[in-house]
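Here's the structure, in structure tokens; my notes come after.
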Amino acid sequence: MPPPIDFIDILRKNTILLTDAQATALQSYVDLLTEWNSKINLVSRRDQGNLWVSHILHSLTPLIALEFPEHVRVLDIGTGGGLPGIPLSIVHEGMEVTLLDSIRKKTAAIEQMVAVLGLSRAHVLTGRAEEIGRSSSQAGRYDVVVARAVAPLPDLVKWSRLFLTKRRAAPTRGRIGQMGGKTEFEFPYLLALKGGDLEKEIAETRLKAKGLPITEINLVFPGSENLDLVDKKLIIVEFP
Numbered sequence: 008m009p010p011p012i013d014f015i016d017i018l019r020k021n022t023i024l025l026t027d028a029q030a031t032a033l034q035s036y037v038d039l040l041t042e043w044n045s046k047i048n049l050v051s052r053r054d055q056g057n058l059w060v061s062h063i064l065h066s067l068t069p070l071i072a073l074e075f076p077e078h079v080r081v082l083d084i085g086t087g088g089g090l091p092g093i094p095l096s097i098v099h100e101g102m103e104v105t106l107l108d109s110i111r112k113k114t115a116a117i118e119q120m121v122a123v124l125g126l127s128r129a130h131v132l133t134g135r136a137e138e139i140g141r142s143s144s145q146a147g148r149y150d151v152v153v154a155r156a157v158a159p160l161p162d163l164v165k166w167s168r169l170f171l172t173k174r175r176a177a178p179t180r181g182r183i184g185q186m187g188g189k190t191e192f193e194f195p196y197l198l199a200l201k202g203g204d205l206e207k208e209i210a211e212t213r214l215k216a217k218g219l220p221i222t223e224i225n226l227v228f229p230g231s232e233n234l235d236l237v238d239k240k241l242i243i244v245e246f247p
């Protein structure tokens with residue numbers, strides 16, 4: 008079965024035009040995620056009937072808010088069932104995505120999903136972020152760290168420092184008028200997909216990581232008015 012028409016329509020309204028191959032890959036991923044979720048807990052069982060909005064569309068909102076250049080290097084910390092990294096890898100085919108999780112049975116499932124989907128630019132790592140980030144092969148390697156509902160923001164900032172490149176790259180430009188916040192961000196940065204009341208987390212981060220610009224982007228875009236994304240935000244922490 009292809010992705011739901013309303014899902015494809017929302018992406019189209021936000022200038023993301025899926026190819027037939029991408030639509031097929033996303034559907035295959037949803038099927039694989041559902042199958043694996045019956046064996047190990049990759050996503051909440053209560054969300055299983057709403058995977059397309061709660062997980063797939065939510066994972067793709069960074070592509071709605073921001074422009075990512077070809078060959079951008081992204082680390083997905085605490086990827087769980089491959090979210091948001093696998094959907095991002097499918098839709099942004101030039102993105103190099105590394106999927107990191109500390110639980111081996113989850114990364115084993117992700118490795119099989121990546122192989123079945125043929126995602127040649129997606130890689131899988133097992134380990135704790137604070138340990139993997141100190142290895143010579145991973146330290147300072149990435150332009151962007153993404154994390155979806157993983158840990159408090161201060162922890163994510165601390166871990167991201169280990170992985171993010173020290174070089175400054177050209178800005179990735181937001182699409183003005185679709186989401187609030189800044190219209191451009193320079194690499195490297197942390198991109199956290201979070202929900203709920205974030206005031207305390209952000210205040211604590213400002214105290215512990217003084218001087219790092221923090222931007223909140225509300226998930227309001229064409230087609231979002233009928234979706235359950237009211238309390239969801241993208242949090243961008245820049246590392247100048």
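Residue numbers (this note's numbering): 8 to 247.
Where is the CB? At the ideal position from N, CA and C, for every residue including glycine.
Is the beta carbon of residue 83 less than 8 Å from the beta carbon of residue 67? no
Within a Cβ cutoff of 6 Å, which residues of the same chain sit near residue 194, ignoring the five residues on either side of it in sequence? 150, 176
Same chain, Cβ closer than 7 Å to residue 145, neighbours up to 5 away in sequence not counted: 139, 170
Look at the alpha carbon of residue 232 and the alpha carbon of residue 94, and state the distance between them as a whole number of angstroms. 22 Å
Could you work out which residue in 98, 58, 163 is closest to residue 27 when comparing CA atoms only? 98
Taking the continuous beta strand (DSSP E) assigned at residue 267, which residues delimit it? In the structure as shown, the chain begins at 8 and stops at 247. Residue 267 is therefore absent and cannot be evaluated.
Please work out which residues of its chain come closer than 6 Å, Cβ to Cβ, to residue 92, disregarding the five sequence neighbours upstream and downstream, and give them in chain order. 83, 86, 104, 106
Express the C-alpha separation of residue 81 and residue 219 in angstroms, rounding to a whole number. 20 Å
Any chance you could list the alpha helix (DSSP H) runs of at least 4 consecutive residues sitting entirely within the stretch 71–129, in chain order? 92–98, 111–124
For residue 250, is the classification buried or exposed, using 16 other Cβ atoms within 10 angstroms of its Cβ as the cut-off for buried? Because residue 250 is not part of the residues shown, which for the chain are 8 to 247, the question remains open.
Does the stretch 213–227 touch the stretch 125–135, meaning 3 or more C-beta pairs lie closer than 8 Å? no
Which one or two residues does DSSP pair with residue 241 in a beta bridge? 200, 224
With burial defined as no fewer than 16 other Cβ atoms inside 10 Å of the residue's Cβ, what is the status of residue 24: buried or exposed? exposed
If you follow the alpha helix (DSSP H) that residue 19 is part of, which residue opens it and which one closes it? 12–20
Are there 16 or more other CB atoms within 10 angstroms of the CB of residue 157, so buried, or fewer, so exposed? buried
Cut-off 6 Å between Cβ atoms - residues of its own chain near residue 114, not counting five sequence neighbours on either side: 108, 131, 133
For residue 65, is the classification buried or exposed, using 16 other Cβ atoms within 10 angstroms of its Cβ as the cut-off for buried? buried
DSSP three-state label for residue 141, please. coil
Tell me the DSSP bridge mates of residue 155? 200
What is the C-beta distance between residue 124 and residue 35, in whole angstroms, given that I count them as a contact (C-beta under 8 Å)? 6 Å
8 Å contact criterion, which residue 221 and residue 244 should meet: CB distance rounded: 5 Å
Classify residue 47 as buried or exposed, calling it buried when 16 or more other Cβ atoms lie within 10 Å of its own Cβ. exposed
Whole angstroms is fine: what's the gap from residue 203's alpha carbon to residue 237's? 9 Å
Please classify residue 210 as buried or exposed, where buried requires at least 16 neighbouring CB atoms within 10 angstroms. exposed
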